[in-house]
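Structure, as structure tokens:
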Amino acid sequence: MNILVINCGSSSVKFQIIKTDLELIEKNQDKRIASGYLERIGSQALITLQVEGQPKIKQAIPLRDHRSALDFILRWIISPESKLNGINSLADIHAVGHRVVHGAEKFTMSTLINDEVIEGIEDCIELAPLHNPANLKGINAARELLGPGVPQVAVFDTAFHSTMPETSYLYAIPYQLYRRHKIRKYGFHGTSHRYIAYRYRQLANIEREKVNIITLHLGNGCSACAIKNGDSFDTSMGLTPLEGLVMGTRGGDMDPAIIEFLHHKEGMTMNEIYAILNKQSGLLGLSGLTNDMRDLLAEEKEHEDRRARLAVDIFCGRARKYIGAYLAGMQGADAIVFAGGIGENSSEIRKRICKGLEFFGLELDEKANNKIVAGKEGLITKPESKLKAYVIPTNEELLIARDTVRCVKNVPRRW
Ligand code: AMP
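Residues 1221 to 1635 (my numbering) are what the sequence shown spells out, left to right.
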């Protein structure tokens, strides 16, 4: 089957076409055949398109909204110009998988989209006001452009974490607030943590129920997940993605009293404070330079920039703190696994996070760590290391495509 995978942001659309079906999944032979990224939708959009194995095509054209963006994508996919093998008309797109950020307690698995599911996703908007509306725009546009004959599936970022026990997901605030408003930890990046766990299981050649690992998705957004007996047991993001690790522009954990304090001291409104916490904190806020880890590492090395070093040290320290907390919470783990733009590409950050974990029996193999470059996976600890560390490039899109096939064929599964 040719599955179109769509990930809509507020002014962007990422897409991939993945060839997969139940047999290909079983053999691990499903693959991406094309991908693209459309940004600055709403004005002169910047478009990057790529057929697998060929150079990227870049162009800029005005795109009014998500519907026009999707229309553009569909036209390109079926055009002779893209030359996609076996895709000549819209009928050759067999199903669409959508990334949906928040599924709250309602959606604990990927699901075929119908009117009722759309209403459910709408109900979750108050929990993800920046993300779910964009996801819905993509869903509505795809339904309209492809018609009712093409099944659409929603894959939720929160779903993987639905197995967390109450002891992990409840905040220690009055219980009625959970009852009344469902204020609790939901967690995000679930599709990524789930993919990493799935690949780890293959690498370690063990059953799903034997997977006891801590996954670290370190990109511009960052989260950690304690996976115990194959299920998400705890995760660092909370009601929203603001909680937890230090990220590119989000600070993660902090005293909530800071919000009130800022309001009084700086006369800021809630919106202004949340803009600071979401967009001007984290690596950017600490360094005063950038949210880009590559640039921070270069500043630190070339100019011995104190604030760049501080930002990186706090980033690594927070990640280590979570690893320690999860090792205690899940009573030990077999491995920690790095993923995301930083986790997959930076041997330096992996080394700095691992430094200090010797206490838990982690012995880094520096050579192996330095050898892992972009897109590669592998073990980075010594064979005798009690706590192992791996790098596993994440692939959320592949999992969305696979879930789409499984939902269409009516054989859904957790992972
Ligand atoms: P993502 O959101 O997963 O695309 O990750 C983006 C982050 O990965 C940015 O902070 C990048 O600076 C970082 N990144 C990408 N390549 C490298 C690298 N070689 N070394 C350090 N950080 C990197």
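Where a beta carbon is used, it is the ideal one built from N, C-alpha and C, also for glycine.
Original post:
On the three-state DSSP scale, how would you describe Ser1382?
Top reply: Along the sequence shown, read from residue 1 onward, the residue named residue 1382 stands at position 162. The answer is helix: DSSP assigns Ser1382 an H, G or I state.
**OP:** Determine the burial state of Ile1569: buried for a count of at least 16 other Cβ atoms within 10 Å of its Cβ, exposed for fewer.
**Re:** Numbered from 1 along the sequence shown, position 349 holds the residue referred to as residue 1569. Counting Cβ neighbours within 10 Å, Ile1569 comes out buried, since at least 16 surround it.
**OP:** Report all residues from its chain with a CB closer than 6 Å to the CB of Leu1283; omit the five preceding and five following residues, and keep chain order.
**Re:** For the purposes of this step, residue 1283 is taken as residue 63 along the sequence shown, with counting starting at 1. Ile1261, Ala1265 and Ala1289.
Original post:
Which runs of the alpha helix (DSSP H), 4 residues or longer, sit entirely within the region 1509–1585?
Top reply: 1513–1523, 1526–1549, 1560–1565 and 1567–1574
Original post:
What number of angstroms, rounded off, separates the C-alpha of Leu1436 from the C-alpha of Val1320?
Top reply: Here residue 1436 refers to the residue found at position 216 when the sequence shown is read from its first residue. Here residue 1320 refers to the residue found at position 100 when the sequence shown is read from its first residue. Those two C-alpha atoms are separated by around 21 Å.
Original post:
Who are the Cβ neighbours of Cys1445 in its own chain at under 6 Å, not counting the five residues just before and after it?
Top reply: Position 225 of the sequence shown holds residue 1445. Excluding sequence neighbours, Cys1445 sits near His1413, Thr1435, Ser1452 and Thr1455.
**OP:** State the start and end residues of the unbroken beta strand (DSSP E) segment that holds Pro1282.
**Re:** Here residue 1282 refers to the residue found at position 62 when the sequence shown is read from its first residue. Ile1277 to Pro1282 is the extent of the beta strand (DSSP E) around Pro1282.
Original post:
Could you name the residues, in chain order, whose CB is less than 5 Å away from a heavy atom belonging to ligand 1?
Top reply: Gly1439, Asn1440, Asp1512, Met1513, Arg1514, Gly1560, Gly1561, Ile1562, Asn1565 and Ser1566
Original post:
Roughly how many angstroms separate the alpha carbons of Tyr1389 and Thr1268, rounded to a whole number?
Top reply: Working through the sequence shown from its first residue, we reach residue 1389 at position 169. Working through the sequence shown from its first residue, we reach residue 1268 at position 48. When rounded, the distance between both Cα atoms is 39 Å.
Subject >> Per-residue burial, Asn1355 [other beta carbons within 10 Å of its own, 16 or more giving buried] >> reply: One-based indexing of the sequence shown puts residue 1355 at position 135. Under this definition Asn1355 is a buried residue.
Original post:
Where DSSP assigns a beta bridge to Thr1601, which residues make up the other side?
Top reply: Residue 1601 sits at position 381 when you count from the first residue of the sequence shown. Under DSSP, Thr1601 forms a beta bridge with Leu1584.
Original post:
Do you know how far the Cα of Asn1630 is from the Cα of Leu1332?
Top reply: As a first step, residue 1332 must be located in the sequence shown, where it is residue number 112. As a first step, residue 1630 must be located in the sequence shown, where it is residue number 410. Cα to Cα, the separation comes out at about 9 Å.
**OP:** On a CA-only basis, which of Lys1541, Leu1530 and Ala1254 is nearest Lys1234? Give me that one, please.
**Re:** For the purposes of this step, residue 1234 is taken as residue 14 along the sequence shown, with counting starting at 1. Lys1234 has its Cα closest to that of Ala1254, out of Lys1541, Leu1530 and Ala1254.
Original post:
Alpha carbon to alpha carbon, what distance is there between Gln1551 and Asn1432?
Top reply: Numbered from 1 along the sequence shown, position 212 holds the residue referred to as residue 1432. Numbered from 1 along the sequence shown, position 331 holds the residue referred to as residue 1551. Approximately 10 Å, taken between the alpha carbons.
**OP:** Under 8 Å Cβ to Cβ from Glu1342, same chain only, skipping five residues before and after it: list those, please.
**Re:** Sequence index remark: in the sequence shown, residue 1342 carries index 122 (1-based). Hits under 8 Å: Asn1352 and Leu1356.
Subject >> Reduced DSSP category for Ile1267 - H, G, I as helix; E, B as strand; rest coil >> reply: By one-based count along the sequence shown, residue 1267 stands at place 47. Reduced to three states, the DSSP call for Ile1267 is strand.
Original post:
If Ala1362 and Cys1344 are in contact, beta carbons under 8 Å, what's the gap, nearest whole angstrom?
Top reply: Here the question's residue 1362 lines up with position 142 in the sequence shown. Here the question's residue 1344 lines up with position 124 in the sequence shown. At roughly 19 Å, the Cβ-Cβ gap does not stay under 8 Å, so Ala1362 and Cys1344 are not in contact.
Original post:
If Phe1327 and Gly1340 are in contact, beta carbons under 8 Å, what's the gap, nearest whole angstrom?
Top reply: Residue numbering aside, residue 1327 sits at position 107 when the sequence shown is read from its first letter. Residue numbering aside, residue 1340 sits at position 120 when the sequence shown is read from its first letter. Indeed they touch by this definition, with Cβ atoms about 7 Å apart.
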